[in-house]
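For reference, the structure discussed in these notes is given below.
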Amino acid sequence: GESVGLHLPTLSVQEGDNSIINCAYSNSASDYFIWYKQESGKGPQFIIDIRSNMDKRQGQRVTVLLNKTVKHLSLQIAATQPGDSAVYFCAETRNSGNTPLVFGKGTRLSVIA
Amino acid sequence: KAGVTQTPRYLIKTRGQQVTLSCSPISGHRSVSWYQQTPGQGLQFLFEYFSETQRNKGNFPGRFSGRQFSNSRSEMNVSTLELGDSALYLCASRTSSNYGYTFGSGTRLTVV
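In order, the protein sequences belong to chains A and B. Position in the first sequence (from 1) plus 3 gives the number in my numbering. Position in the second sequence (from 1) plus 8 gives the number in my numbering.
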């Protein structure tokens, strides 16, 4: 498969455990944040988003937490499955809608069966 | 509905050549953005087009250019290719008001 990052931080978790992936964003003016999942040979896939007027949002097996004070995002994946193995990116932008999406460096999640 | 379609999936070019990549956005999406992805630099923003106009531009040399057609399809061109241009080029589309970008599978460009 195609490598999306040779030197990414890696998180290894046992199947069934919960995973927490962290991200520090760079722009204090950013007010919209997205988590993406990228599998080998594919483009980034939208997982969940959150706006700055919220500090938590839940989806199916995933939760995003936002701490604007320290400019930190986290993605929690419950009951991690082998299919969750991928590279995860956080991305930020401003609510004006006319500013580009800026991506973090990514974290590789490896699920151990 | 169909997703974002990028063609071709793979390309091999020689240094000094030029290349054109194509992106067809999701139907109804008027904004198309291009990103370059490399192992060393991650996902870097190239440019965004909306209604045939470039709305934003990243920090890339003028060898990188793009355009958008009236049907929202977009192309990007890289002239005078360098070895460092080898990368996965990703296209993403969104509606004018929806901030959630949808990405295509990318075009893998290898410059030899």
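Heads up, the beta-carbon is just placed ideally off N, CA and C, and yes, glycines get one too.
- For the C-beta of Thr110/B, the chain A residues within less than 8 Å are, from N- to C-terminus, Phe49.
- Exposed is the label assigned to Arg17/B, since fewer than 16 other Cβ atoms lie within 10 Å of its Cβ.
- Contact with chain B is found for Lys45/A, since one of that chain's Cβ atoms lies less than 8 Å from the residue's Cβ.
- Comparing alpha carbon positions, the residue from Arg71/B, Thr118/B and Gly112/B closest to Thr88/B is Arg71/B.
- Close partners of Asp52/A in chain B (Cβ separation under 7 Å): Gly108.
- The alpha helix (DSSP H) runs lying completely inside the stretch 9-52 of chain B and spanning 4 residues or more number zero.
- DSSP, reduced to helix, strand and coil, places Asp34/A outside both helices and strands of the structure shown, so it counts as coil.
- Burial of Gly107/A is indicated by the presence of at least 16 other C-beta atoms within 10 angstroms of its C-beta.
- Arg111/A and Ser35/B have their C-alpha atoms some 32 Å from each other.
- Between Lys74/A and Ser55/A, the C-beta spacing is not below 8 Å.
- Proximity of the stretch 31-45 of chain A to the stretch 20-32 of chain B falls short of the contact definition, fewer than three beta-carbon pairs being nearer than 8 Å.
- Taking CB atoms only, Pro12/A has no neighbour in chain B less than 8 Å away.
- According to the DSSP secondary-structure assignment, Met84/B is paired through a beta bridge with Leu29/B and Gly74/B.
- Bounds of the beta strand (DSSP E) holding Ser22/A are Ser22 to Ala27.
- DSSP places Leu11/A outside both helix and strand once states are collapsed to three, so it counts as coil.
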